[in-house]
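Start counting at 1 in the sequence shown, then tack on 512, and there's your number in the numbering used here. Glycine residues also receive a C-beta, built at the ideal position from the N, C-alpha and C atoms. Remarks on the structure that follows.
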Amino acid sequence: MNILKREALMRANHDGRAALFVKRAHRNDKLCPGDVVMVESSNNLTNPDHVTNFLGICIAIHRRGIDTSFILRNIVLKTGVEIKFKVFSPLVKTIKILRKGTKYRKSKLYFLRERKGSIIKSKSAKKLSEAFQLSQLAENNI
């Protein structure tokens, strides 16, 4: 059974995203709770050109092999929004770590739900999204 799970994981890991979720990797090389992450995902498989971006702080990671997922949280229009992304879903295009967070002693940051105000300050979020767009333009021009 473990062989089948490993084979399915290898087939789904066509762009190397599994390296972000290896538990024993160095902290700078993996996604950790508290990191600011941008995920590009398409809404449906019929129109793959329509891509949406979601920028948020990672509050939880569930490592379950091929079913690995993580939860991002941000404040949108004064409403707290949490989205759970499956890492190996074909709808998820890219996962980018924009800023490493401070090291928390907890692996699940659900206590951030009770905090008032924006989790990611609007100025820094704008800077991060601009930097992400510039990096995308640089990749496209190369």
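For GLY546, which of helix, strand or coil comes out of DSSP?
coil
Following the continuous beta strand (DSSP E) through LYS596, name the residue where it begins and the one where it ends.
591–598
Use the C-beta contact count for MET550: other C-beta atoms within 10 angstroms, 16 or more gives buried, fewer gives exposed.
buried
Just to check my reading of the structure: ILE578 and ALA524 have Cβ atoms closer than 8 Å, yes? What is that Cβ distance to the nearest angstrom?
6 Å
Shortest alpha-carbon distance to ARG625 belongs to which of GLY592, CYS544 and LYS535?
GLY592
Residues near LYS490 by beta carbon distance below 6 Å, same chain, minus five either side:
Since the first residue shown for the chain is 513 and the last is 654, residue 490 is missing from the structure and cannot be characterised.
If you compare alpha carbons, which of ILE595, SER554 and ARG627 is closest to LEU567?
ILE595
Out of ASP541, SER553, ARG585 and ARG627, state which residue places its alpha-carbon closest to the alpha-carbon of THR606.
SER553
Compare the Cα-Cα distances from THR558 to each of LYS590, ILE583, PHE597 and LEU603 and report the closest residue.
LEU603
Sorted by chain position, which residues of the same chain lie with C-beta nearer than 8 Å to ILE569's C-beta, five sequence neighbours on each side aside?
GLY546, ASP547, VAL548, VAL549, LEU584, ARG585, ASN586, GLY613, LEU621, LEU624, ILE631 and ILE632
Exposed or buried, what is LYS517 when buried is set at 16 or more other beta-carbons lying within 10 Å of its beta-carbon?
exposed
For ARG625, which of helix, strand or coil comes out of DSSP?
helix
Please determine, among ARG539, ASP561, LEU589 and ASN555, the residue with the shortest C-alpha to C-alpha distance to PHE597.
ASN555
Put ARG575 into one of helix, strand or coil per three-state DSSP.
coil
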